[in-house]
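**Student:**
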Amino acid sequence: MTKPSLSIVLPTYNERENIRILIPEIVKTFGQIDHEIIVVDDSSPDGTAMAAEELSEKYVNIRVIVRKKKEGIGAAIREGYNSARNSIIISLDSDLCFTLSDAYRLYEKIQEGYDLVCGSKYSKGSFYEPATWQGRAKKLMSKNGNKLIRVATGINANDFTANLRSIRKDVWEQLDTQEMTNTFLMEMILKCKYGGFRVTEMPVTFNARIHGESKMNLAVEAPKFIIKMVKYVLMYRFTGYKLNNKEV
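When you line the sequence shown up against our numbering, it's residues 177 to 424, in that order.
Rendered as structure tokens:
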């Protein structure tokens, strides 16, 4: 049986060194599958887009989209999804924290009849052990925040914020997402679930970053998540989410 075609979306901002490692590994991991790699760069000043363009000369299945200004990871992922040409889409961070073996497992899992499969840092079987106290504090805030989202939304998930996920292109086309920042990741799950799609998650490994710095500031982003969560719960939890103006 022919394996479904795949689009891999990589949002980037100042990830030049990581992208040089990640893209060849993606090509190796998914080499037996009809796939494309879409790099969506938020106008990185470090030359990330140029590094990706150089790799596209070696690997013909790479497309590089350079956004005119930095608008956030949500906006970048959405542009990548909209540009995807294949039947399954995977997005993952470009910082090498997630493993490609987990990405491949998500690709296989979605073929079992799911519409959205999310990687989870907090499910049984996952691995996420920060080495520093700052990292452990960040993990604690994130884990508790995700528990709050789970209770408030009524959705049986442990991680609403990880950008390692696979979605069917035809499902994505029925969603109308608005968020520009990390809150997009939560919005996507909520609208899929409240819209009646089959959503599941899988435990994944989350490693420490080697090159560059994290762009996520939990102290800044956490209040935004809470406000947006309340908004979406009030709008959709008890009434459902309309897909392309059609009630599900």
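Note that the Cβ used here is the ideal one computed from N, Cα and C, for glycine as well.
How big is the Cα-Cα spacing for G371 and F360?
**Tutor:** One-based indexing of the sequence shown puts residue 371 at position 195. One-based indexing of the sequence shown puts residue 360 at position 184. Cα-Cα distance, rounded: 16 Å.
**Student:** Give the secondary structure of P221 by DSSP, where H, G and I count as helix, E and B as strand, and everything else as coil.
**Tutor:** By 1-based counting over the sequence shown, the position of residue 221 is 45. Note: P221 maps to coil in three-state DSSP.
**Student:** Quick check: the Cα distance between R239 and R196, rounded to an integer number of angstroms?
**Tutor:** Start at 1 with the first residue of the sequence shown, and residue 239 comes out as number 63. Start at 1 with the first residue of the sequence shown, and residue 196 comes out as number 20. Near 14 Å, if we compare the C-alpha coordinates of R196 and R239.
**Student:** Taking S259 and I286 to be in contact with their CB atoms under 8 Å, please state how far apart those CB atoms are, rounded to whole angstroms.
**Tutor:** The residue given as residue 259 occupies position 83 in the sequence shown. The residue given as residue 286 occupies position 110 in the sequence shown. Not a contact, Cβ separation roughly 19 Å.
**Student:** Return the bridge partner residues of I195 from the DSSP annotation.
**Tutor:** For the purposes of this step, residue 195 is taken as residue 19 along the sequence shown, with counting starting at 1. In DSSP, I195 forms no bridge with anything.
**Student:** Just to confirm, are N262 and S318 a CB contact at a threshold of 8 Å?
**Tutor:** By 1-based counting over the sequence shown, the position of residue 262 is 86. By 1-based counting over the sequence shown, the position of residue 318 is 142. Not closer than 8 Å, so no.
**Student:** Can you tell me the Cβ-Cβ gap for F414 and L340, rounded? I've got them flagged as a contact below 8 Å.
**Tutor:** Numbered from 1 along the sequence shown, position 238 holds the residue referred to as residue 414. Numbered from 1 along the sequence shown, position 164 holds the residue referred to as residue 340. Not really, about 30 Å apart at Cβ, beyond 8 Å.
**Student:** Following the continuous beta strand (DSSP E) through E377, name the residue where it begins and the one where it ends.
**Tutor:** Here residue 377 corresponds to residue number 201 of the sequence shown, with the count starting at 1. Its beta strand (DSSP E) spans residues V375 to P379.
**Student:** By Cβ distance, which residues of its chain are closer than 6 Å to K367, with the 5 residues on each side in sequence left out?
**Tutor:** By one-based count along the sequence shown, residue 367 stands at place 191. The answer, listed in chain order, is L351 and Y417.
**Student:** Where do the ends of the alpha helix (DSSP H) carrying G250 lie?
**Tutor:** If you number the sequence shown from 1, residue 250 lands on position 74. Where G250 is concerned, the enclosing alpha helix (DSSP H) stretches over I249 to S259.
**Student:** Establish whether the CB of S342 and some CB of chain D are separated by less than 8 Å.
**Tutor:** You won't find chain D in this structure, because it holds only one protein chain.
**Student:** Closer than 6 Å by C-beta to M362: which residues in its own chain qualify, once you throw out the five before and the five after it? Chain order, please.
**Tutor:** What you label residue 362 is simply residue 186 of the sequence shown in a count that begins at 1. The residues are F336.
**Student:** Just the C-alpha distance for V203 and G250, rounded to the nearest angstrom, thanks.
**Tutor:** Numbered from 1 along the sequence shown, position 27 holds the residue referred to as residue 203. Numbered from 1 along the sequence shown, position 74 holds the residue referred to as residue 250. Taking the straight line from one Cα to the other gives about 24 Å.
**Student:** Find the nearest neighbour of I253 within the set L419, I266 and L324, judged by alpha-carbon distance.
**Tutor:** By one-based count along the sequence shown, residue 253 stands at place 77. Ranking the options by Cα distance to I253, first place goes to I266.
**Student:** Inspect the beta-carbon positions of I365 and A328 and report whether they are closer than 8 Å.
**Tutor:** Taking the first residue of the sequence shown as position 1, residue 365 is located at position 189. Taking the first residue of the sequence shown as position 1, residue 328 is located at position 152. No.
**Student:** Shortest alpha-carbon distance to L419 belongs to which of V347, K297 and S270?
**Tutor:** On the sequence shown, residue 419 is found 243 positions in, with the first residue counted as 1. Of the candidates V347, K297 and S270, the one whose C-alpha sits nearest the C-alpha of L419 is V347.
**Student:** Quick one: what does DSSP say G311 is sitting in, helix, strand or coil?
**Tutor:** Here residue 311 corresponds to residue number 135 of the sequence shown, with the count starting at 1. G311 falls in the helix class under three-state DSSP.
**Student:** What is the C-beta distance between K314 and I264, in whole angstroms, given that I count them as a contact (C-beta under 8 Å)?
**Tutor:** Taking the sequence shown and counting its residues from 1, one reaches residue 314 at position 138. Taking the sequence shown and counting its residues from 1, one reaches residue 264 at position 88. With 8 Å as the limit, K314 and I264 do not qualify as a contact, their Cβ atoms being about 31 Å apart.
**Student:** Quick one: what does DSSP say T188 is sitting in, helix, strand or coil?
**Tutor:** As a position in the sequence shown, residue 188 is number 12, starting the count at 1. Here T188 sits in strand by DSSP.
**Student:** Between which two residues does the alpha helix (DSSP H) carrying C368 extend?
**Tutor:** Working through the sequence shown from its first residue, we reach residue 368 at position 192. Residues T359 to Y370.
**Student:** Could you have a look at G321 and say whether DSSP puts it in helix, strand or coil?
**Tutor:** Translated into the one-based positions of the sequence shown, residue 321 becomes position 145. Three-state result, G321: helix.
**Student:** Please state whether DSSP places I213 in a helix, a strand or coil.
**Tutor:** Translated into positions along the sequence shown, residue 213 becomes position 37. Residue state, collapsed to three classes: strand.
**Student:** Comparing C-alpha positions only, which one of D217, D278 and E288 sits nearest to M378?
**Tutor:** The residue given as residue 378 occupies position 202 in the sequence shown. With distances taken between Cα atoms, M378 lies closest to D278.
**Student:** In the DSSP assignment, what are the bridge partners of V240?
**Tutor:** Here residue 240 is taken as the residue at index 64 of the sequence shown, counted from 1. Per DSSP, V215.
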